[in-house]
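Below you'll find the structure, written out as structure tokens, and then a few comments.
Number of protein chains: 2
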Amino acid sequence: MSKPTLKSVAKALGVSTATISNAFNRPDQLSVALREKILSSCAELGYDGPNKAAQSLRKGSSGIVAVILSDSLEYMVSDPVASQFLQGVARELERQSKHLLLYSGSADNLDSITDFVDGFICYGAPRNLKLIEQLKRCPKRVLTVDFDLPGRPSVNIDNEQAAYDSAMAVLKPGDRVAVLGLRLIDAADSRTVGTAPLWDNQSSVSHRRLDGYQRAMQQLGLTLSNELLWHLPESNQACAETAAKAVLSQSPAPTVLLCMSDLIALSAMRVALALGLRIPEQLRVVGFDGIEETLRYHPTLTSVWQFSDQKGEAAARAFQSGQDDNQLLPYELRLGESS
Amino acid sequence: MSKPTLKSVAKALGVSTATISNAFNRPDQLSVALREKILSSCAELGYDGPNKAAQSLRKGSSGIVAVILSDSLEYMVSDPVASQFLQGVARELERQSKHLLLYSGSADNLDSITDFVDGFICYGAPRNLKLIEQLKRCPKRVLTVDFDLPGRPSVNIDNEQAAYDSAMAVLKPGDRVAVLGLRLIDAADSRTVGTAPLWDNQSSVSHRRLDGYQRAMQQLGLTLSNELLWHLPESNQACAETAAKAVLSQSPAPTVLLCMSDLIALSAMRVALALGLRIPEQLRVVGFDGIEETLRYHPTLTSVWQFSDQKGEAAARAFQSGQDDNQLLPYELRLGESS
DNA sequence: CTGTTAGCGCTTTCAT
DNA sequence: ATGAAAGCGCTAACAG
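Structure (structure tokens):
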């Protein structure tokens, strides 16, 4: 015997298909008693509700929201900031009785899933630029986070201002400044930006942060030399160590490290300490994001906290709300022992 | 103007719907020239292929495979073993041009997704036991990993034998042994198992590993005292530290720590070193899983390597193959400086 | 409160 | 090589 369908169940119970459908979708359309009876009979027959694929075809919506990650699952999954964000999205979606489909930003296209989902929440500009084109002309709802798409709603923080604030909190006149940046150019390894063209991927957060750092430096009469502006392809320990070692072994050594993630800042501090540098006396360090781990480490890190889980919730809520505005979330500069 | 459909495109091009369908799904059914023409016209019209929801309804398959995690996304995502596994699944599925839907094992039911997917790969017994019941009577393909369901294909390693091997590699006569186990009883905190009933969740890997440890101990004439058998609710640093501190501060202190994950073993070694214990002279430690991080840490860890990424690939392949056997994958005991 | 009916967008015989 | 037509399982109007 194959799986029961709405029709087969209706026949078995001697009622019309509409009645069964209503029993599941519109309780107000029939008596409580009848509904109870139908529901329990269905349970016995092994029918656990209308087929969702058919339902989705008919209604035009499925209750599934896709989250497009900026990179592969494997990478995102190991980043505490991203997983905080996902946690928030999952929590809010659960409240809405919706479901979450995780999709890789390095995938080739959205074709395989667009027809199954109600829309997309894009967390960071997808690594594969083809996806951006597809999202632009997608008839479904698209909400971006940490970047913008013309005419689409978004959720973000003011990265430029936050970076500016963090730099102002740590910089002093006469400082020699190094920046450990994230995905500033198109290169797969950690290296100084040098003369490589800045790779502006949909006005990424990194470039906005760099703008903020530079505004602060300008204001203090400081300049950033090209060899001290580093590009890291990923926010992880390995990339950060390479960069930190190179930067800190220069002479004269930098007195301040502006880091575009807390993970980078933490690794940099480890390297600095291993090199015998004293923080903050000889080197001040500032991070970005706000992750738990920095609270357990000494010296604690001065950083911009952006509450990624709340950002995830906000994104899911904004997705649902249907409003098309560009939402700016609050952030908080928290001073630690590193500055 | 709304999204073009197969029908609207057919009308626009003056051919039948079947022809358009064939152009996309069965190239052999029409001339190359015509197909080319149709495909390019479709691209112009902004039609990028048949609607997948309708296709799935009609064909009864969608090309999406759900991976049911044993716990919430947020938890799994931070576990290196799980993310290795997912990596492998994702890689193999990509080869098959299929897609991956991640689903939480603590979700309430599968109803919301069953109709959209071709089947389920369950990575570990889901935390929510209701899901197990649903999987048992699911008409779609179900493959389990790291646990078994009657009549369903599975992919696993021989946990009992692997645990036995690892214990035999480290144990000596006269040893005082402590076990840092994973999810052995139904408790949310780290604690000794004591007299609590072992919670056999579908013959979990943990219990098989415990069996293996005990066989080895028996063979060497050793016994495991109840206060030295620990239950940890999760494989993470916090849980492991609690347990390790308690276990190592006993006197006489244990001489061997059998740990059910590398993450646990690593944390335990940190605690031991902080306590001034020398490894392996005063304390030998063995782990389970095989994760990269143990190679960078000193002392390096003796552990059972189970190649989770290959396990993921194997699972996705077995899912696709249609074979219903229970596959046992190889593992490898690797000796490190900790034993 | 219940039944009838017309599709949602597609694939697939079966004719032509 | 192509077209007509029958559904896949369901929902929403509408009529009763």
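Protein chains in written order, with the working numbering: chain W, 1 to 339; chain U, 340 to 678. Ideal Cβ positions, reconstructed from N, Cα and C, are used throughout, including at glycine.
Taking a 10 Å sphere around the C-beta of Leu-384 of chain U, we find fewer than 16 other C-beta atoms and assign the residue as exposed. Leu-301 of chain W places its beta carbon 9 Å or farther from that of Met-260 of chain W.
Apart from sequence neighbours up to five positions away, the residues of its chain that approach Ser-62 of chain W with a beta-carbon distance below 7 Å are Lys-52, Ser-56, Phe-116, Val-117, Asp-118, ordered along the chain.
Under the 10 Å beta carbon count, Leu-634 of chain U is surrounded by fewer than 16 other beta carbons and is classified as exposed. For the region 82-132 of chain W, the full-length alpha helix (DSSP H) segments reaching 4 residues or more read 111-114 along the chain. Look at Asp-628 of chain U: its C-beta is not under 9 Å from any C-beta on chain W.
Residue burial annotation: Glu-573 of chain U is buried, with at least 16 other C-beta atoms found within 10 angstroms of its C-beta. With respect to Thr-356 of chain U, Leu-345 of chain U sits close: the two C-beta atoms are nearer than 9 Å. Annotated three-state conformation of Arg-284 of chain W is strand, per DSSP. Assignment of Cys-239 of chain W by DSSP, reduced to helix, strand and coil, places it in the helix class.
Annotation for Gly-651 of chain U: no beta strand (DSSP E) segment contains it, though the alpha helix (DSSP H) segment containing it runs 647-660. Legend: CB atoms of the region 445-456 of chain U lying less than 7 Å from CB atoms of chain W belong to residues Asp-450, Ser-451, Ile-452, Asp-454, Phe-455. Contiguous beta strand (DSSP E) elements confined to the region 174-217 of chain W occur at 177-182, taking only those with 3 or more residues.
Contacts with chain W at 9 Å (Cβ-Cβ) include Pro-478 of chain U. DSSP places Val-155 of chain W in the strand class (E or B) of the three-state scheme. Assigned with DSSP and collapsed to three states, Ala-405 of chain U falls in strand. Residue-level contact by beta carbon holds for Ala-54 of chain W and chain U, with a gap shorter than 9 Å. For Lys-311 of chain W, the closest Cβ of chain U is not nearer than 9 Å.
Secondary structure of Thr-641 of chain U (DSSP, three-state): strand.
In this structure, the alpha-carbon of Pro-126 of chain W lies about 10 Å from that of Glu-133 of chain W. In chain order, Pro-153, Ser-154, Val-155, Asn-156, Ala-314, Ala-318 place their CB closer than 8 Å to the CB of Gln-327 of chain W, counting only its own chain and leaving out the 5 sequence neighbours on each side. Chain-ordered, the chain U residues with CB closer than 9 Å to the CB of Ala-90 of chain W read Ser-411, Leu-412, Glu-413, Ser-443.
Here DSSP, grouped into helix, strand and coil, assigns Gln-589 of chain U to coil.
For Thr-483 of chain U, the three-state secondary structure derived from DSSP is strand.
For Glu-671 of chain U, the uninterrupted beta strand (DSSP E) run begins and ends at 671-673, by DSSP.
For Leu-129 of chain W, not one C-beta of chain U is nearer than 9 Å to its own C-beta. Interface annotation for the region 586-610 of chain U against chain W: empty, criterion Cβ-Cβ distance under 8 Å. For Lys-342 of chain U, the chain W residues whose C-beta falls within less than 7 Å of its own C-beta are Pro-139, listed in chain order.
Taking a Cβ-Cβ threshold of 7 Å, the residues of chain U close to Asp-48 of chain W are Asp-450, in chain order.
With a threshold of 9 Å between beta carbons, Leu-474 of chain U makes no contact with chain W. At a cut-off of 9 Å between beta-carbon atoms, Gly-212 of chain W makes no contact with chain U.
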